[in-house]
Amino acid sequence: MTQDELKLAVAKAAVEYILPKLEKDTIVGVGSGSTANLFIDELAKHKQLFDGTVASSEASAERLRKHGVTVYDLNSVNKIAIYIDGADESNEFLHLIKGGGAALTREKIVTACSDEFICIADQSKLVDVLGDFPLPIEVIPMARSYVARELVKLGGDPVYREGVVTDNGNHILDVYNLKIVNPVALEAAINAIVGVVTNGLFAARPADVLLLATQDGIKTLT
Ligand code: 5RP
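Quick note: the sequence shown uses our numbering, first residue 1102, plus one each step.
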């Protein structure tokens, strides 16, 4: 199977995984990116089974609405039962790097509000040590150069993702050449830099389940 076929397979598997959990009042958190887009298309086929969604990006919200799926503002929702989203990398502990699509801050907020976070990915995303994928950092625009200098002190090589403005009006630095052996500590250290909105490490709150599409079928990691 190609990578795109694997993404579709895991999107379908995610819908099968959550179907028994869906009730009339369930709110589903929906992530961003190409795998999440395929999930949206599959989820929409069952829109009568649940109340609605909260989306982690404007792009996902628009795709959901095009399918006729209700999208709520997070502030009007008490509880998100399940959050489904892709990742750029995962280790065996389900610590993730996310933010390749620049939606990391809203993704982290929706994760924090969700009872269960199910990550969906193809097998290329599972790594021994996080960091081959450059770590995205969302920064307040005026702090970009300062934050970049602080990231160099932490051993990384930050690169400004030119031309990209996040849904929150901020900028992205992609940090290269990090071998992230302690994701929980690095997540906290980077978030402590003034001017950082958040970083793409999801380690303090990792995924609860990783559905991984492989050539041998869907694997469930917990
Ligand atoms: C967006 C993300 C995505 O989940 C991540 O980039 C994976 O994307 P894809 O499913 O297209 O490989 O974190 O900010």
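Yeah, the Cβ is synthetic: ideal placement off N, Cα and C, and Gly gets one too. Since the structure is predicted, the reported quantities are computational estimates derived from the model, not experimental observations.
Chain D within 8 Å of residue i, Cβ atoms only
i	result
residue 1284	Judged by its chain identifiers, the structure shown contains no chain D, having just a single protein chain.
Under 8 Å between C-beta atoms of residue i and residue j
i	j	result
residue 1135	residue 1108	yes
residue 1240	residue 1297	yes
residue 1282	residue 1228	no
residue 1175	residue 1119	no
residue 1143	residue 1112	yes
residue 1202	residue 1301	no
residue 1274	residue 1249	yes
residue 1246	residue 1207	no
residue 1407	residue 1115	Residue 1407 is absent from the structure shown; the chain starts at 1102 and stops at 1323.
residue 1195	residue 1322	yes
residue 1276	residue 1252	yes
residue 1341	residue 1319	In the structure displayed, the chain extends from 1102 to 1323; residue 1341 sits before or after that span and is not available.
Check: residue i C-beta below 7 Å from any heavy atom of the ligand 5RP
i	result
residue 1163	no
residue 1136	yes
residue 1205	yes
residue 1113	no
residue 1209	no
residue 1189	yes
residue 1215	no
residue 1309	no
residue 1268	no
residue 1148	no
residue 1275	no
residue 1152	no
residue 1169	no
residue 1199	yes
residue 1186	yes
residue 1132	yes
residue 1256	no
From the options, residue whose alpha carbon lies closest to that of residue i
i	options	result
residue 1161	1185, 1283, 1179	1185
residue 1198	1164, 1211, 1233	1233
residue 1237	1227, 1210, 1204	1204
residue 1243	1188, 1106, 1104, 1295	1295
residue 1172	1146, 1268, 1163	1163
residue 1177	1266, 1318, 1214	1214
residue 1181	1137, 1122, 1168, 1159	1122
residue 1183	1270, 1299, 1131	1131
residue 1212	1303, 1270, 1137, 1148	1303
residue 1147	1138, 1159, 1137, 1168	1168
residue 1226	1193, 1251, 1252, 1165	1193
residue 1102	1315, 1291, 1276, 1323	1315
residue 1266	1141, 1145, 1159	1159
residue 1166	1138, 1190, 1179, 1191	1138
Original post:
Can you find at least 3 beta carbon pairs, one from the stretch 1301-1318 and one from the stretch 1213-1232, that sit closer than 8 Å?
Top reply: yes
**OP:** Would you be able to state if there are at least three C-beta pairs under 8 Å between the stretch 1120-1130 and the stretch 1151-1170?
**Re:** yes
Original post:
What runs of the beta strand (DSSP E), each 3 residues or longer, lie entirely inside the stretch 1155-1187?
Top reply: 1181-1186
Original post:
At which residue ranges does the stretch 1191-1247 contain complete beta strand (DSSP E) runs of 3 or more residues, listed in the order of the chain?
Top reply: 1215-1223, 1236-1240
Original post:
Using 8 Å as the Cβ pair cut-off and three pairs as the minimum, do the stretch 1246-1261 and the stretch 1270-1290 touch?
Top reply: yes
**OP:** Would you mind listing the alpha helix (DSSP H) stretches within the stretch 1239-1315 that are 4+ residues and don't spill past its ends, in chain order?
**Re:** 1245-1254, 1284-1292
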